[in-house]
Amino acid sequence: MQYRLLTALLAGATTVLAAPAPAPTAASSIERAVNRRSSNGSCTFSGSDGYSEASASKSSCATIVLSALTVPSGTTLDLTGLPDDTEVIFEGETVWEYGEWEGPLFAVSGTSITVTGADGSSLNGNGASYWDGEGSNGGKTKPKFFQAHDLTTSTIQNINIVNPPVQVFSINGAQTLTVSGVTIDAKDGDSGGGHNTDGFDIGSSDGVTISGATVYNQDDCVAINSGTNIVFTGGYCSGGHGLSIGSIGGRDDNTVSGVSFESSTITNSQNGIRIKTKAGDTGTVSDVTYKDIELSSISDYGIVVDQAYDGDEATNGITISGFTLDGIAGTVDSDADYAIYINCGSGSCTDWTWTDVSVTGADDSCSNQPSGITCS
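Numbering (mature numbering (1 follows the signal peptide of the UniProt record, and there is no 0)), first residue to last: -18 to -1, 1 to 358.
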């Protein structure tokens, strides 16, 4: 009896099927980035998607670790507008894939920002794929590398740049920026068609200090186009155009003041010390000092001041005053143009002080130099 009742109850029971669990959805780039954030606000980004995740999540991370990224062509690794006190760390090799465009490959801005290269890290611009001997003057369109604009009270340290396509550091609108221990290695461009691979181009900035830089390139090691209170010290420059002021003229800002190049070596370069101002333009260069600079294997000019840059004759619309050389020594090649070449406009070069200057290996040529400056 009980068996028949149990059978009937089972036969009349209603079967209830559980609804299937919803399929998991792919996390958005931001969600993936947040999932990599540690409890202390450190976010690590890597691989082929890391560049976009880092740019999208930059406001959410106190420390941004960029680990062995691959950045596609035509893309800026964009870390502009970072929150105050953000730290950026490059680990491993960051590689930018080839593609013709103007760049920049990397951009950063903000206040109290620190950008650091971890031991063994490098930023590879794939320059050999672009080099054609024309740089930014023609041929392939080449991306500029490291845009450090509008950085305030910030630090860039231990960055290792390899094979930049063209100009490397663009420092503009910076206030109190310290750059230390940077290496720029474009030496493969010496035989591979590298051109216009400027190390540091500085404009409209105040309080920039660059120390301990090593630069192998094919253009200016440093070019200060405008700015105040700028120091370059303990540098090593090879293969390029030396330590330069200018060219000055033709920009919105044509003032350079309070610049010091100290305790540096320039070798295997076209020029050693150079000030170049554009003919027919206006501006001022004042209180510029080169101290304890060693020159060797200079092919064109050991020291050159040229106020006819981009022109036929020197003009006096840009003044050069308070130009100090102290402890400058070295040689130019026997077939160099001149050991010392001064081409000033009439009355535009004044108040120069040169002490312990000895550059040998070729003749000198000077015109309109200030009193007290002699050429042999």
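Don't be surprised by glycine CBs; every beta carbon is placed ideally from N, CA and C.
With which residues is residue 273 paired in a DSSP beta bridge? 244, 308
DSSP beta-bridge partners for residue 350? The partner list for residue 350 (beta bridge, DSSP) is empty, contrary to what the question assumes.
With a floor of 3 residues, list each beta strand (DSSP E) that falls wholly inside the stretch 76 to 156, ordered by position along the chain. 88 to 93, 96 to 99, 104 to 106, 128 to 139, 142 to 144, 151 to 154
Sheet register partners of residue 256 (DSSP bridge): 226, 286
With a threshold of 7 Å on Cβ separation, who are the neighbours of residue 366 within its own chain once the five nearest residues in sequence on each side are excluded? Nothing can be reported for residue 366, as the shown portion of the chain is limited to -18 through 358.
Along the chain, where does the alpha helix (DSSP H) containing residue 173 start, and where does it finish? 171 to 174
Taking 6 Å as the limit between beta carbons, can you name the residues of its chain near residue 127, skipping five residues before and five after? 87, 107, 146, 150
With burial defined as no fewer than 16 other Cβ atoms inside 10 Å of the residue's Cβ, what is the status of residue 179: buried or exposed? buried
Starting from the C-beta of residue 82, find all residues in its chain whose C-beta is less than 6 Å away, skip the five residues before and the five after it, and write them out in chain order. 122, 123
Helix, strand or coil at residue 321 according to DSSP, with G and I counted as helix: strand
For a quick check, are the C-beta atoms of residue 159 and residue 173 less than 8 Å apart? no
On a CA-only basis, which of 290, 224, 65 is nearest residue 90? Give me that one, please. 65
Whose C-beta lies closer than 8 Å to the C-beta of residue 331 among residues of the same chain, with five residues either side of it excluded? 287, 289, 301, 302, 303, 305, 324, 350, 351, 352
Bridge partners for residue 185 per DSSP, in chain order? 154
According to DSSP, residue 336 sits in a beta bridge with which residue or residues? 307
Residue from 318, 295, 285 with nearest C-alpha to residue 356: 285
Nearest-angstrom Cα distance between residue 77 and residue 27? 14 Å
Opposite residue 209 in the DSSP bridges: which residues? 238
In whole angstroms, give me the CA-to-CA distance for residue 277 and residue 25. 45 Å
Is it buried or exposed, residue 23, if we count other Cβ atoms within 10 angstroms and call 16 or more buried? exposed
Please state if the CB of residue 55 and the CB of residue 79 are separated by a distance shorter than 8 Å. yes
According to the Cβ coordinates, are residue 133 and residue 184 closer than 8 Å? no
State the start and end residues of the unbroken beta strand (DSSP E) segment that holds residue 24. 24 to 29
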